[in-house]
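Right, one structure below, let's go through it.
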């Protein structure tokens, strides 16, 4: 429920924005090279509703309308991703030139994510060479847009891309490698470090990464549940943060990675200007139960050394995710405690929820609770510099197709008409109040 108490004020200069990703909204698939998601979506049974992102929100052809929505919302910044497959196609770079120009003209700061899961078909994160290729692509994007883009994100959620795409097979490219997917994690982290160096060489000086993080709660105080939760936390949180912030993998992980790990870690741990955290919900984890579990549409194999459990007694989103605002405070304060002065300023690069309807009061309640939880983290001393809602538009929600709606703006996927929801108005008024208007 939305509280009637006034929203606390955030520090001056706090960055308010919304996020999207290229494959989820751009459409115009025939105007770019194919990605692993195109290949994956074409396989029967891979996408819940049998859809593809060939059209999606048709943002490539309707970006002017979407920039107007951003301007009307009053955000400081718009986080979007550049499609590597589109950059390979004739005319692809021109689209991003137009988008960035229009954003700047509207007074909206462009924040560019360089990889949001849409790897060009034919490339493979199991291969080290993909990291080198990524750095070359990043140099091209920086050369094209760097005169107008000041804030950069190298990768989005390498943990999910590794787990869902390569370990469990429910996202592109659809591999079910379990722990043999670990090289994918390492090569993405290496790609981040190489990309950061490429951006620095191009003159960029405001660079981060968007990693997903959330508290892992033991299902009980039983020793086996506590141990399983600790292992899960290492895999999904520390394995993707420790190398970046401490220059080392958690104990027992580094020796499982390919190549000269020590040399690679010197690249991976290049200093960041800020650290992005995507947060949605905490995870309850216990000891393995000996059976395959369906968790939020993801089949968790019985052979994993942990089992993901339901969090009871909490409202859930249409995705079945529990609504726990205080866990956002917890993950931010945990990061400050765990990494100390090695943690740069933090930006919440994604936070949002899936609900149906234009009168989306549940989304407003979710966002209201999480913004307040974010402020509690600021009061506790965490240096948080920004907050981005996921997402501006309803979009192609990966393996769920068009069955889940995260947008502040409703999209009719037949007509492509955009209609701002009640949450769009709520967020607009929040931003006005934060600026004292």
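Residue numbers (this note's numbering): -16 to 420.
Virtual Cβ for every residue (Gly too), placed ideally from N, Cα, C.
Quick caveat, the model's predicted, so the values are computed rather than measured.
request  = For residue 62, name the three-state secondary structure that DSSP assigns.
outcome  = strand
key: Residues that DSSP places opposite residue 402 in a beta bridge   = 393
Among 122, 296, -9 and 283, nearest to residue 175 - alpha-carbon criterion = 122
Nearest-angstrom Cα separation, counted from residue 286 out to residue 206 = 19 Å
Sufficient close CB pairs (3 or more, under 8 Å) joining the region 225 to 234 to the region 314 to 328 = yes
message = Please state whether the Cβ-Cβ distance between residue 154 and residue 381 is less than 9 Å.
response = yes
key: Own chain partners of residue 67 with C-beta closer than 6 Å, once the 5 adjacent residues on each side are dropped   = 103 and 120
request  = Could I get the ranges of all uninterrupted beta strand (DSSP E) runs contained in the region 26 to 73, with 3 residues as the minimum, in chain order?
outcome  = 60 to 64
query = Would DSSP call residue 294 helix, strand or coil?
reply = coil
key: Beta-carbon proximity check, residue 53 vs residue 86, cutoff 9 Å   = yes
inquiry  = So within the region 303 to 351, which uninterrupted beta strand (DSSP E) runs reach at least 3 residues, ignoring any that extend past its ends?
reply    = 329 to 333
task = Output the distance between the C-alpha atoms of residue 164 and residue 14, rounded to the nearest integer angstrom.
result = 31 Å
Exposure label - residue 134; buried when at least 16 CB within 10 Å = buried
C-beta atoms of residue 318 and residue 215 nearer than 9 Å = no
request  = Check whether the Cβ atoms of residue 64 and residue 24 lie closer than 9 Å to each other.
outcome  = no
Residues that residue 195 bridges to, as DSSP identifies them = 261
query = Roughly how far, in whole angstroms, is the beta-carbon of residue 412 from the beta-carbon of residue 347, given that I think they are within contact range, below 8 Å?
reply = That belief does not hold up - the Cβ atoms of residue 412 and residue 347 are roughly 10 Å apart, past 8 Å.
ask   = Do you know how far the Cα of residue 1 is from the Cα of residue 112?
value = 33 Å
query = Can you give the beta carbon distance from residue 100 to residue 170, rounded, assuming they're within the 8 Å contact cut?
reply = Their Cβ separation, rounded to whole angstroms, is 14 Å, which puts residue 100 and residue 170 out of contact at 8 Å.
query = Under 9 Å between the Cβ atoms of residue 292 and residue 267?
reply = yes
key: Continuous beta strand (DSSP E) assignments of at least 3 residues falling wholly in the region 140 to 203   = 190 to 195 and 199 to 201
inquiry  = Taking the straight line between their C-alpha atoms, what separation do you get for residue 107 and residue 265?
reply    = 30 Å
inquiry  = Once the 5 residues before and after residue 166 are set aside, which same chain residues still bring their CB inside 6 Å of it?
reply    = 109 and 241
key: Three-state class that DSSP yields for residue 213 in the structure shown   = helix
message = So, under 8 Å CB-CB, residue 10 and residue 38 are touching, yes? Tell me the CB distance rounded to an integer number of Å.
response = 4 Å
message = Mapping the DSSP letters down to three states, classify residue 385 as helix, strand or coil.
response = coil
ask   = Does DSSP classify residue 274 as helix, strand or coil?
value = coil
ask   = Should the region 138 to 158 be called in touch with the region 68 to 77, which here means at least 3 C-beta pairs below 8 Å?
value = no
key: Delimiting residues of the beta strand (DSSP E) encompassing residue 370   = 367 to 373
Delimiting residues of the alpha helix (DSSP H) encompassing residue 226 = 222 to 228
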